Amino acid sequence: AQQKKIWNETEEEKKERLAWWTNDRFGMFIHWGTYSLAGRHEWVKKKERIDNETYQKYFDNFNPDLYNPQEWAKLAKAAGMKYAVITTKHHEGFTLFDSKYTDYKITNTPYGKDAIKEWVEAFRAEGLKIGFYYSIIDWHHPDYTIDRVHPKSVGSQKEYDKLNKDRDMSVYREYLKNQVIEILTIYGKVDILWLDYSFPGEFGKGKDDWGSIELIKLVRKLQPEIIVNDRLDLKEYWGGWDFTTPEQFKIKEWPTHNGKRIPWETCQTFSGSWGYYRDEMTWKSNKQLLELLIESVSKGGNLLLNVGPTGRGVIDYRAEKALYQIGDWMKYNYRSIYGCTQAPSTFEIPDNGLLTYNPTTNRLYVHLLNYPLQNYTLKGMKGKIKYVQFLHDASEVKIASPKGHWIKQELGEGDVNLILPVNKPPVEIPVIEIILNS
Ligand code: H79
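In mature numbering (1 follows the signal peptide of the UniProt record, and there is no 0), the protein residues as written are -1, 1 to 437.
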């Protein structure tokens, strides 16, 4: 199917516009709002069917006395992240920025200041690219029609009609447009816009409800270089989106659209929820987190890893610790992440390994997820290798001679065996860097 064109740009130009993003690979997602005070999931209003009046206590008590975005930015940088995306508004409708179009905003809470302004300054100062998440879903605006993901969701068309009789989606559409204009004009250059989300179908919402076509044209006009995700229900429109967003699941292979590989970014959480959840105990291990990053790059994608700061404005110590540990790994192994992508299919993926490849330096990276025994076979690599070393310490990895060396398994024609140390090197996931013959 041919995509309808709503943005004048060639494929080559798009690739260039996205070049920094596909190079950088690793970003921080930040979910922060009045739900952070509930401390039990950013969907708490929907999950517990809380009405506006009851939910108001989180607004009235929003006063993050420890909010210090410089600390967040330093932490993101220490983890090896290169960009960050923050919730300017989540489904609850509360804005972290000083919007002209609502009273339900941070400047009217006890905190009283525009958190986005401070955030942008802090993250820019650390050299991080700036992204804004904005929820097109809104559970607070009086004209947003009740739908199936709304806290007041019901069952039948008749019930919806009754609930929605005084609501006018065209008024909300205008509101949403105005707020997107605000976040894209007040804070200077914005590198990423992350809109969330469409759910077309029965009791759902899609491009006509949001005014998606008009909206995306406006976004492109206001910020021609901005990179936009794919949740406006404009999948069939060229210019309607830039990258796809698998959320909290592992993808099997590089996603395609109309037969072509497309830019993608998976967004993932530490523990399941996005907003701060005090009692959630399902935290991923450091190795799992690193695997998410490496696996994304090994399939040509990015990782946006989420933190949910508390109501006091602090990133949970468990997240902080994990980010520093990711940073420890990145400090010595970043070469297998930045600028890397899926390895050409000529390189067979070894057992228990994930491959990434840097096309500019012509280097192949073998990530050893389960540390193997002494011999390690790379199939079909004979004659293709100039030099092999561990990435973290540049120590040589010797290639076994096929003759005269004790090798338990048969070496196939063209295969190569690496001699690896018996003891696992002191890194969470060791990486072998293979410098290839050009
Ligand atoms: O902002 C984050 C999420 O709140 C939002 N997108 C990311 C980036 C999002 N979460 N879930 N979804 C979109 C899809 C809907 C999932 C649901 Fe549920 C399953 C809604 C109700 C049942 C998850 C589980 C949320 C509440 C319970």
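C-beta: ideal position from N, C-alpha, C; glycine also. In this text, all values refer to a predicted model and were calculated from it rather than measured experimentally.
Asked: Residues near E347 in its chain [Cβ-Cβ closer than 7 angstroms; skip 5 each side]; Found: K378, G379
Asked: Residues bridged to K3 [DSSP beta-bridge criterion]; Found: Y236
Asked: Integer-rounded CB distance, given that V387 should sit under 8 angstroms from V430; Found: Rounded, the Cβ-Cβ distance is 11 angstroms, inconsistent with contact.
Asked: C-alpha distance - K385 paired with I434, whole-angstrom precision; Found: 5 angstroms
Asked: Three-pair Cβ contact test at 8 angstroms for the region 55 to 66 versus the region 137 to 149; Found: no
Asked: Neighbourhood of V43 by C-beta, 6 angstroms cutoff - its chain only, sequence neighbours within 5 removed; Found: Y34, A37
Asked: C-beta contact flag for S270 and E264 at 8 angstroms; Found: no
Asked: Alpha-carbon to alpha-carbon, K3 and W237; Found: 6 angstroms
Asked: Straight-line gap, Q178 to E213 (C-alpha atoms, nearest Å); Found: 14 angstroms
Asked: Cα-Cα separation, M27 to I129; Found: 10 angstroms
Asked: Contact check, I5 vs T86, beta carbons under 8 angstroms; Found: no
Asked: Pairwise C-alpha distance: Y323 and T53; Found: 38 angstroms
Asked: Which listed residue (T9, T21, L17, R16) has its alpha carbon closest to that of N357; Found: T21
Asked: Beta-carbon separation (whole angstroms), G205 vs D232, contact threshold 8 angstroms; Found: 4 angstroms
Asked: Closer than 7 angstroms: V148 CB and nearest the ligand H79 heavy atom; Found: yes
Asked: Y34 CB to nearest heavy atom of the ligand H79 below 7 angstroms; Found: no
Asked: Pick from N369, L368, N416 that is closest to Y375, judged by C-alpha positions; Found: N416
Asked: Residue of L192, N369, D97, K76 minimising C-alpha distance to K286; Found: N369
Asked: Pair within 8 angstroms by beta-carbon distance, D208 and S134; Found: no
Asked: Alpha carbon of G411 to alpha carbon of A399, nearest angstrom; Found: 13 angstroms
Asked: V30 beta carbon near the ligand H79 (any heavy atom closer than 7 angstroms); Found: Rather than Val, the amino acid found at residue 30 in this sequence is His. Yes, the beta carbon of H30 sits closer than 7 angstroms to at least one heavy atom of the ligand H79.
Asked: Three-way DSSP call (helix, strand, coil) for F122 in this model; Found: helix
Asked: Opposing strand residues paired with S134 [DSSP bridges]; Found: D195
Asked: CA nearest to the CA of G210, picked from P262, S169, L291, R334; Found: S169
Asked: D195 Cβ short of 7 angstroms to the ligand H79 heavy atom set; Found: yes
Asked: Buried or exposed (CB count within 10 angstroms, at least 16 for buried), D137; Found: buried
Asked: One or two residues paired with G26 in a DSSP bridge; Found: Y82, L303
Asked: Of the listed residues N351, Y333, A393, E181, nearest to L95 (C-alpha basis); Found: E181
Asked: Cβ-heavy atom distance, H89 to the ligand H79, below 7 angstroms; Found: yes
Asked: For E12 and R311, the rounded distance between their alpha carbons; Found: 43 angstroms
Asked: W118 versus A321 - alpha carbon distance; Found: 22 angstroms
Asked: Uninterrupted beta strand (DSSP E) stretches inside the region 288 to 362 (no shorter than 3 residues); Found: 301 to 306, 352 to 357
Asked: Helix, strand or coil at V421 [DSSP, three-state]; Found: coil
Asked: Sub-8 angstroms separation of W71 and Y132 beta-carbons; Found: no
Asked: Opposing strand residues paired with R16 [DSSP bridges]; Found: Answer by DSSP bridge pairing: none, since R16 is not bridged.
Asked: T21 in three-state terms, based on DSSP; Found: helix
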